[in-house]
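Okay, structure first, notes after.
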Amino acid sequence: MNERFEMRVDEEMLSRVEKWHGKQNDASMRAEAMRRLLKLGLGKSSDEAVHFTDGEKLLFFMMKDLYRHLKVQGEIDADFISIHDTRRTLFGG
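If you want the numbering used here, it's the 1-based position in the sequence shown plus 11.
This is the structure:
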């Protein structure tokens with residue numbers, strides 16, 4: 012049985028979903044696009060989850076250090092990502 016729920020998103024998020032939805036090769040409804048995005052984000056199984064090689068982990072930390080050294084003003088906070096996601100995502104902890 013499928014359970015129905017309501018979700019509210021801001022205009023920017025809705026615009027991003029609509030843009031992604033428009034790039035798909037079918038004429039599915041927005042609800043189906045949201046289901047697909049949820050499956051992609053959550054990964055249907057651990058085999059589909061993101062896994063990083065040791066080299067990719069090293070590159071991540073090197074890029075974070077360069078980002079900080081060059082004082083890049085971007086959309087992300089590299090220190091926040093490295094502190095909060097690294098142990099779990101990069102090291103599998």
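Every residue, glycine too, gets a C-beta built ideally from N, C-alpha and C.
Please give me, in chain order, every unbroken run of the alpha helix (DSSP H) with length at least 4 that falls completely inside the region 60-86.
65-80
For residue 30, which option in 19, 81, 18 and 44 has the closest C-alpha, if you only look at C-alpha atoms?
The candidate whose alpha carbon is nearest that of residue 30 is 44.
Give the range of the alpha helix (DSSP H) segment to which residue 41 is assigned.
41-53
Residue 35 to residue 71, Cα distance in whole Å?
30 Å
In whole angstroms, give me the CA-to-CA distance for residue 13 and residue 83.
45 Å
Considering residue 28, what are the terminal residues of the alpha helix (DSSP H) in which it resides?
22-33
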